[in-house]
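Down below is the structure, laid out as structure tokens.
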Amino acid sequence: MDKLKELEKQYRNIPIPEKLDAVVEASLKKGRKKRAPKWLIGAAAAAAIFTASVNMSPAMAKALGDVPVLGNVVEVLTFVQYETDKDTYSAAIDVPKITGNSDEIRALNEKYAAEGKALYEQFQQDMKGMEQAAGGHLGVDSGYIVATDTEQLLSIGRYVVETVGSSSTVMHYDTIDKQKEIVLTLPSLFKDDQYIQVISDYLIKKMQEEMLTTNQEKIYWVKGGGMPEEELTDAFTAIRPDQNFYITADHKLVMVFDKYEVAPGYMGVVEFEIPTDLIKDLRMSDEYIK
């Protein structure tokens, strides 16, 4: 009870940020034209005040963390956003934070925070350089998607789309065992490195088939798909040991390639689901891939 009284006292002493009403109203109107119910506006305002309070007061955050029922809520509400919208320059960077208390989860969150900050600082530096020169267009859009969220697994994909004339897209997935609070790596899923050759051979065959069956509407930089070999200066031959991947809700392994990594830009980020029968004997266990 004393802990809750202390929490209430700290909450009441925290100044409400200026223009909070405008922030709440903008959040409610975003992507919606209909008037929001009064109860929803009130709930959103309360959530916004609560979130701001947690971020502004380390003491309050600690107090919340010490209250068993609310401990996890604090971790979910901790986030970072960087935004710039100036003339022909724009940046929108959302940095996720994953709940959890293990060293691996903490390290992952520290990496997310560091990469988000570095991305924004690089944008500011590039924008300043362009302003001092002839100007131009510069854009950075970074955020995340949740590809899988089950009782056991969380697969989160973080993307970065940079636009300077043309655009480039980088997508990186992290898959987490929520129960053990560990980050899964591709090598950790297999007994040894035989998976590299087996998966690579399958992907090459799959790319060749898609090129031939779609009359090259789909194009991959791989030999045997109908493209002249002299045009294949950097043909795909094998995945990296730590190739980008995620695991679906039905426990299927999906390999992911960035824009331009194995195909022309119009193909975007490319994904291939790997048949489990192909790799079942190579798995460390059937706990994650089934």
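In full-length UniProt numbering, the protein residues as written are 1 to 290. Beta carbons are placed, not taken as given, at the ideal position from N, Cα and C, and that holds for glycine. All figures in this text were calculated on a predicted structure; none of them were measured in a lab.
Sort M284, K218 and P275 by Cα distance to V262 and report the nearest one. K218
Look at the Cβ atom of T175, then the Cβ atom of Y246, and state whether they are nearer than 8 Å. yes
If we ignore side chains and look at the alpha-carbon of each, how far apart do E209 and G225 end up? 7 Å
Can you tell me whether S167 is buried or exposed, with buried defined as 16 or more other CB within 10 angstroms of its CB? exposed
How many angstroms separate the CA atom of K206 from the CA atom of A107? 36 Å
Alpha carbon to alpha carbon, how far is T248 from V254? Give it in angstroms, no decimals. 7 Å
Given a threshold of 16 other Cβ atoms within 10 Å of its Cβ, counted over all protein chains shown, does T148 qualify as buried or as exposed? buried
Element boundaries [beta strand (DSSP E), containing M227]: No beta strand (DSSP E) contains M227, which DSSP labels as neither H nor E.
Under the three-state reduction of DSSP, which class applies to M284: helix, strand or coil? coil
Tell me, please, whether the CB atom of A91 is closer than 8 Å to any CB atom in chain D? In summary, chain D is missing from the structure at hand, where a single protein chain is found.
Rounded to whole angstroms, what is the Cα-Cα separation between R240 and I196? 7 Å
Given a cut-off of 8 Å, decide if V160 and S142 are closer than it, judged by their beta-carbon atoms. yes
Candidates N244, D242 and K223: which alpha carbon is nearest D234's? K223
Counting only the same chain and skipping the five closest in sequence on each side, list residues whose C-beta sits under 6 Å from that of E104. I182 and V183
The beta strand (DSSP E) with R158 in it runs from where to where? L153 to V164
Based on Cα-Cα distance, which residue from T213, M267 and V198 lies nearest to T237? V198
CA-to-CA distance, V170 to S285, given in whole angstroms: 30 Å
Could you tell me the alpha carbon to alpha carbon distance between D193 and Y120, rounded to whole angstroms? 37 Å
Out of curiosity, what's the CA-to-CA distance linking Y82 and K128? 17 Å
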